[in-house]
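Q: Just so you know, the protein sequences line up as chains P and V, in that order.
Under this note's numbering, the first residue of the first sequence is numbered 81, with each subsequent residue one higher.
Under this note's numbering, the first residue of the second sequence is numbered 81, with each subsequent residue one higher.
Every residue gets a Cβ at the ideal spot worked out from N, C-alpha and C, and that includes glycine.
Would you mind keeping the following structure in view while I ask a few things?
2 protein chains.
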Amino acid sequence: MKLPDPAPVLDKDTFRAGMSRLGAAVNIITTDGPAGRAGFTASAVCSVTDSPPTLLVCVNRSSSVYDRFTENEALCVNTLKPDHEPLSRLFGGKTAMDERFAAAAWSVGTSGAPVLQDATVSFDCKITSKADVGSHAVFFCEVLAIVCHDVADGLIYFDRAYHRV
Amino acid sequence: MKLPDPAPVLDKDTFRAGMSRLGAAVNIITTDGPAGRAGFTASAVCSVTDSPPTLLVCVNRSSSVYDRFTENEALCVNTLKPDHEPLSRLFGGKTAMDERFAAAAWSVGTSGAPVLQDATVSFDCKITSKADVGSHAVFFCEVLAIVCHDVADGLIYFDRAYHRV
Numbered sequence: 081m082k083l084p085d086p087a088p089v090l091d092k093d094t095f096r097a098g099m100s101r102l103g104a105a106v107n108i109i110t111t112d113g114p115a116g117r118a119g120f121t122a123s124a125v126c127s128v129t130d131s132p133p134t135l136l137v138c139v140n141r142s143s144s145v146y147d148r149f150t151e152n153e154a155l156c157v158n159t160l161k162p163d164h165e166p167l168s169r170l171f172g173g174k175t176a177m178d179e180r181f182a183a184a185a186w187s188v189g190t191s192g193a194p195v196l197q198d199a200t201v202s203f204d205c206k207i208t209s210k211a212d213v214g215s216h217a218v219f220f221c222e223v224l225a226i227v228c229h230d231v232a233d234g235l236i237y238f239d240r241a242y243h244r245v
Numbered sequence: 081m082k083l084p085d086p087a088p089v090l091d092k093d094t095f096r097a098g099m100s101r102l103g104a105a106v107n108i109i110t111t112d113g114p115a116g117r118a119g120f121t122a123s124a125v126c127s128v129t130d131s132p133p134t135l136l137v138c139v140n141r142s143s144s145v146y147d148r149f150t151e152n153e154a155l156c157v158n159t160l161k162p163d164h165e166p167l168s169r170l171f172g173g174k175t176a177m178d179e180r181f182a183a184a185a186w187s188v189g190t191s192g193a194p195v196l197q198d199a200t201v202s203f204d205c206k207i208t209s210k211a212d213v214g215s216h217a218v219f220f221c222e223v224l225a226i227v228c229h230d231v232a233d234g235l236i237y238f239d240r241a242y243h244r245v
């Protein structure tokens, strides 16, 4: 007999309220390839190691874009600047993909993923492995190329609001 | 015959310069238990899922504190506020552990890890699994308890400098 998993000690609302106090950069994560183009806004991105250059991105496995990322095995993290706040909201909502991408200028990265032309920085990546954790997957991504722009300020999401640093 | 791994496409300096443009909250990650007390400054922390409440922390496997975390299986993420900048530098340097901890007031979390008494927010966690990626390990941590303080501002590291949001 398999016993049910114990309930988490902490409720979701308390967890989310706590996490809102951990400031993070705002990014648009894009992909393109055989499974089609997709992009969404995310702050759950972090550097893992420079040996080899690797970052990670957390994605909800039940999201509509999830399969496109796993099938394309390509991903670009486009880190936003303060005047990208409307673009962040657009890619964080329910707008159709074509309409999202029409709102900005893009080039194509080595991986095939769309690279936002005036991002603070873009990390063009190959997804090399993933780990499933509860409702989400963590994509481990080798960074193939970086496009860095000379932008003074960054866009941070903290305390459920956008901030400029 | 095993061929050597191909060299990464991207050099470390380019990777680090790109990552400096991805702003992130500054945290002191602590542990205590059978293997002893330890703490270090890190920005490579992110939310994974609220089902069950989980975050991740990236740690260099060659660091002197690594074994204490894996053996204690306990960890607290203490997110810093702007006036914690000296504490961030202290826990990011070579100072002895006792001296680091003497510089602030701590309580003890459910996990056994030290909880910084005036952090913006503290996430007391049990390390539930890990993934090795190159030089680093990613600790997946179930959040057991959260202590949230009524602090207006957060401390962000961006462009190789501290910023207030």
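1. Of all the CB atoms in chain P, is at least one closer than 8 Å to the CB of H164(V)?
2. Helix or strand or just coil, what does DSSP make of S215(P)?
3. Applying a beta-carbon distance threshold of less than 7 Å, which residues of chain P neighbour V245(V)?
4. When the distance is taken between beta carbons, is T110(V) closer than 8 Å to N158(V)?
5. Considering only their Cβ atoms, is the gap separating E153(P) from I207(P) smaller than 8 Å?
6. Given 7 Å as the limit, tell me if R101(P) has its C-beta closer than that to any heavy atom belonging to the ligand COA.
7. With a cut-off of 8 Å, does the C-beta of P194(P) fall near any C-beta of chain V?
8. Quick test of your reading: I236(V) and G116(V), contact by CB under 8 Å. State the CB separation rounded to the nearest angstrom.
9. Can you check whether the C-beta of F95(V) is within less than 8 Å of a C-beta belonging to chain P?
10. Of all Cβ atoms in chain P, is any one closer than 8 Å to the Cβ of K92(V)?
11. The alpha helix (DSSP H) that contains R141(V), what's its start and end?
12. Using a Cβ-Cβ cutoff of 9 Å, what residues of the segment 142-167 of chain P are near chain V? List them in chain order.
13. Do you know whose CA, among Y242(V), F238(V) and H229(V), lies nearest A97(P)'s CA?
14. What's the call for V201(V), buried or exposed, on a 16-neighbour Cβ count within 10 Å?
15. Give the residues of chain V in contact with S215(P), contact being defined as C-beta atoms less than 7 Å apart.
16. Ordered along the chain, which non-local residues of its own chain (more than five positions away) have a Cβ less than 6 Å from that of H243(P)?
17. Going straight from the alpha carbon of P162(V) to that of V137(V), what length do you get?
18. Whole angstroms is fine: what's the gap from L167(P)'s alpha carbon to R180(P)'s?
19. Under 8 Å by Cβ, that's how I've got A193(P) and L160(P) pegged, so tell me the actual separation to the nearest angstrom.
20. Let's see if you can read the secondary structure: which residues bound the beta strand (DSSP E) around T159(V)?
21. Determine the direct distance from the alpha carbon of G172(V) to that of Y146(V), and round the result to whole angstroms.
22. Residues of chain P with a CB under 7 Å from the CB of L170(V): which are they?
23. Any C-beta of chain P within less than 8 Å: which residues of the segment 111-127 of chain V qualify?
24. Can the beta-carbon of S131(V) be found less than 8 Å from the beta-carbon of A105(V)?
25. Could you check which residue in T121(P), K92(P) and G234(P) has the C-alpha nearest to that of D239(V)?
26. Please report how far the alpha carbon of K210(V) lies from the alpha carbon of A183(P), in whole angstroms.
27. Out of curiosity, what's the CA-to-CA distance linking V195(P) and T150(V)?
28. Look at the alpha carbon of A225(P) and the alpha carbon of P114(V), and state the distance between them as a whole number of angstroms.
29. Assuming C126(P) contacts V125(V) under a Cβ cut-off of 8 Å, what Cβ separation, rounded to an integer in Å, is found between them?
30. For a contact defined as C-beta to C-beta under 7 Å, what are the partners of F203(P) on chain V?
31. I'd like to know if T134(P) contacts chain V, where contact means its C-beta is closer than 8 Å to some C-beta of that chain.
32. My assumption, with CB atoms under 8 Å, is that D204(P) sits in contact with C156(P). Please give the rounded CB distance.
33. Cβ of I207(V) less than 8 Å from any chain P Cβ?
34. Of all the residues that make up the segment 221-236 of chain V, which are near chain P by a beta-carbon distance shorter than 9 Å?
A: Quick look at the numbers:
1. no
2. coil
3. G103, I236, F238, H243 and V245
4. yes
5. Their beta carbons are under 8 Å apart, which means I207(P) touches E153(P) by this criterion.
6. Among the components of this structure there are no ligands whatsoever, and the ligand COA is therefore not found.
7. no
8. At roughly 31 Å, the Cβ-Cβ gap does not stay under 8 Å, so I236(V) and G116(V) are not in contact.
9. yes
10. Yes, its Cβ sits closer than 8 Å to a Cβ of chain P.
11. No alpha helix (DSSP H) holds R141(V); DSSP gives it neither H nor E.
12. V157 and T159
13. H229(V)
14. buried
15. T129 and S131
16. The beta carbon of H243(P) sits closer than 6 Å to the beta carbons of I236 from its chain, once the five residues preceding and following it are set aside; these are given in chain order.
17. Near 21 Å, if we compare the C-alpha coordinates of V137(V) and P162(V).
18. 8 Å
19. Wrong, their Cβ atoms sit about 16 Å apart, outside the cutoff.
20. Unbroken beta strand (DSSP E) run through T159(V): A154 to T159.
21. Rounded to the nearest whole angstrom, the CA to CA distance from Y146(V) to G172(V) is 14 Å.
22. Correct list: empty, because the minimum Cβ distance to chain P is about 21 Å.
23. Residues S123, A124, V125, C126 and S127.
24. no
25. G234(P)
26. 39 Å
27. V195(P) and T150(V) have their alpha carbons spaced roughly 38 Å apart.
28. 43 Å
29. Confirmed, about 7 Å.
30. G98
31. So, interface residue.
32. 5 Å
33. no
34. E222, V223, L224, A225, I226, V227, C228, H229, V231, A232, D233, G234, L235 and I236
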